[in-house]
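**Student:** Our numbering applies: residue 1221 is where the sequence shown begins, and numbers increase by one. Glycine included, C-beta positions come from ideal geometry on N, C-alpha and C. It should be emphasised that the depicted structure is a prediction, and the values quoted were computed from it without experimental measurement.
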Amino acid sequence: MDELPYLISPYFSGVLNKLGAAAASDASAAAAFSSLNRQCTPAQAEKNVLECETEDPLGARKYMVTPRLVRQYKNRCLLLTTCHCFSYCRFCFRRNFTGKTAAFISPEEIGRVTEWLSKHEEIQEILISGGDPLTVSDEKLESLFSELRKARPGILIRLCTRAPVFAPERFTPELLSLLKAFRPLWVIPHINHPAEISAEWSAESYKCLFNIVDSGIPVQSQTVLLRGINDSLPVLTELFESLVKLGVKPGYLFQGDLAEGTGHFRVPLDEGVKLYNAMRKELSGLSLPVYAVDLPGGGGKVNIPATRFIRDGNNWKYTDASGRAWFYPV
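Here it is, written out as C-alpha cells:
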C-alpha cells in the first residue's frame, strides 16, 4: 500500500486552530475539532490493512476507457483530471491515485477523451474529479471545458471538489464567471460535518457556498458516513438542514468504501441503515440525501436500505438484477 501524503490547506488549518482554541471551554467546539482534525491527520490505524480492503475498491480499472477516463454507467463517465488535492482526506478511496506526482491531464489525453465522447452520444454527464480539479488554474480548467464542449456541446459537467471546505478562496468572481459560461454545469462539493460550513467556525466556506448558489450555479453535496466523525443523528441532521438553507441539495450519503487502511473510518452497514432510518423521520424529502454504497469490485452504486442485501456469514450479500452476488463485510 502506498502511503497517502499528509497535507492540510492553510485555510482548513485556520479553521482547526479556531476550533482548537475554543475546545477547552466549549464541548461542542472540542467535538467539532476532533471530527475535522481526524479527517486529515494521519493515524497509526492506517497501517492496518484488512483482508477485504483493496487498492481499487470500486473496481474502476475494469471500466477504464483511457488512463484517466472511467465509464461504469450507461449515461455518464468520470474524468480523473489530477491526483492533487488541497488537503488529503485519510479515508480517501482513491488513495493509490491521489497525492502522486502526476500532472494535470495532458492535451493529448484530453484529445483521446473528447474523441471518444464525440462517438458516444449516450453519455449525458461527465464527472470532473481527481484529486481536486480546482487545484489547477482557471486557464487549464477553461481549456479542458472548452474541448469538452467542442466534442459534446450539451453534455452536463459535474465538477466534484472539496474546495469550498478546504480552499473557499478558490471560488473567485472570475472562477464563478468561468463556470457559468460552461453550463449546463453543477458543482458537487464534498462536505462531511456542519462545522465545515459553519457561519461561526468556517465563515469563508459558508460564504463560498452562498456565493456559488447566488451566482445561479446549481449545487448538490456528497457526504461520506464516517465513524466517530458524523455517525450521529444530531450531526447529520444539522449538516443536511444547514446545506438546504444555503440552497445546496444534499445528494449522497456514502457508506465507506473498502480502501486500504480505512477500516477505522467505516460504520457497520447495519448501523448505517438504523441511522438513516432515524434520519428519514427527522428530515424532509428536500433535506434527506440518498444513502448509497459502491459495491466492492465494480458492482456499481446501490441505494440502501435495499431488499437485496441479506446476511451471509461475515458479509452482507447483494444480488443484482442479473443474479450476480456482491459482498460487503459486516
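Look up residue 1604 in the DSSP assignment and say whether it is helix, strand or coil.
**Tutor:** What is shown of the chain runs 1221 to 1550, which leaves residue 1604 out entirely.
**Student:** Following the continuous alpha helix (DSSP H) through residue 1372, name the residue where it begins and the one where it ends.
**Tutor:** No alpha helix (DSSP H) contains residue 1372, which DSSP labels as neither H nor E.
**Student:** What's the C-alpha gap between residue 1276 and residue 1447?
**Tutor:** Looking at the two C-alpha atoms, the distance is approximately 21 Å.
**Student:** Return the first residue and the last residue of the beta strand (DSSP E) that residue 1441 is part of.
**Tutor:** First-last of the beta strand (DSSP E) with residue 1441: 1440–1444.
**Student:** Bridge partners of residue 1408, per DSSP?
**Tutor:** Residue 1408 pairs with 1380.
**Student:** Apart from the five residues just before and just after residue 1487, which ones in its own chain have a Cβ nearer than 6 Å to its Cβ?
**Tutor:** Result list for residue 1487: 1445, 1447 and 1451, in chain order.
**Student:** May I ask you to report which of helix, strand or coil DSSP gives residue 1278?
**Tutor:** In this structure, residue 1278 counts as coil in the three-state DSSP scheme.
**Student:** Run the CB neighbour count on residue 1326, radius 10 Å, all protein chains shown included, and call it buried at 16 or more, exposed below.
**Tutor:** By the neighbour-count rule (16 or more Cβ atoms within 10 Å), residue 1326 is not buried but exposed.
**Student:** Between which two residues does the alpha helix (DSSP H) harbouring residue 1401 extend?
**Tutor:** Note, residue 1401: alpha helix (DSSP H), 1393–1401.
**Student:** Is residue 1315 helix, strand or coil by DSSP?
**Tutor:** If DSSP states are grouped into helix, strand and coil, residue 1315 belongs with coil.
**Student:** Have a look at the DSSP bridge pairing and note the partners of residue 1320.
**Tutor:** Residue 1320 is not bridged to any residue.
**Student:** Can you tell me which residues form a DSSP beta bridge with residue 1430?
**Tutor:** Looking at the DSSP assignment, residue 1430 forms no beta bridge with any residue, so it has no partner.
**Student:** Which residue wins for smallest C-alpha separation from residue 1372, given the options 1388, 1331, 1384 and 1394?
**Tutor:** For the residues 1388, 1331, 1384 and 1394, the minimum Cα distance to residue 1372 belongs to 1331.
**Student:** Can we count residue 1533 as close to the ligand MN, meaning its CB is less than 7 Å from some heavy atom?
**Tutor:** You won't find the ligand MN in this model; it holds no ligand whatsoever.
**Student:** By Cβ distance below 6 Å, which residues in the same chain neighbour residue 1249 in space, the five residues on each side in sequence not counted?
**Tutor:** Result list for residue 1249: 1239, 1242 and 1243, in chain order.
**Student:** Residue 1549 by DSSP, collapsed to three states: which one?
**Tutor:** If DSSP states are grouped into helix, strand and coil, residue 1549 belongs with the strands.
**Student:** Name the one or two DSSP bridge partners that residue 1536 has.
**Tutor:** Per DSSP, 1531 and 1548.
**Student:** Less than 8 Å between the C-beta atoms of residue 1432 and residue 1396, yes or no?
**Tutor:** Their beta carbons are under 8 Å apart, which means residue 1432 touches residue 1396 by this criterion.
**Student:** Using only the alpha-carbon positions, how far apart do residue 1297 and residue 1493 sit?
**Tutor:** Those two C-alpha atoms are separated by around 28 Å.
**Student:** What runs of the beta strand (DSSP E), each 3 residues or longer, lie entirely inside the region 1444–1529?
**Tutor:** Here the runs fully enclosed are 1469–1474, 1510–1515 and 1520–1523.
**Student:** Report the residue from 1436, 1286, 1317 and 1306 whose alpha carbon sits nearest the alpha carbon of residue 1334.
**Tutor:** Selected option, being the one with the closest Cα: 1286.
**Student:** Do you know whose CA, among 1544, 1550 and 1237, lies nearest residue 1533's CA?
**Tutor:** Minimum Cα distance to residue 1533 is reached at 1550.
**Student:** Are the beta-carbon atoms of residue 1400 and residue 1436 separated by less than 8 Å?
**Tutor:** Cβ atoms of residue 1400 and residue 1436: closer than 8 Å.
**Student:** Per DSSP, residue 1364 forms a beta bridge with which residues?
**Tutor:** In the DSSP output, where bridge partners are listed per residue, residue 1364 has none listed.
**Student:** Out of 1303, 1309 and 1328, point me to the one whose CA is closest to residue 1353's CA.
**Tutor:** Per the Cα distances, 1303.
**Student:** With a CB to CB cut of under 6 Å and the five nearest residues on each side skipped, what residues in its chain are close to residue 1227?
**Tutor:** For residue 1227, where only same-chain residues beyond five positions count, the Cβ hits under 6 Å are 1307 and 1308.
**Student:** Comparing alpha-carbon positions, which option in 1470, 1316, 1529 and 1485 lies nearest residue 1504?
**Tutor:** Per the Cα distances, 1470.
**Student:** Would you identify the three-state DSSP class for residue 1308, choosing helix, strand or coil?
**Tutor:** In the structure shown, residue 1308 sits in coil (DSSP, three-state: anything other than H, G, I, E or B).
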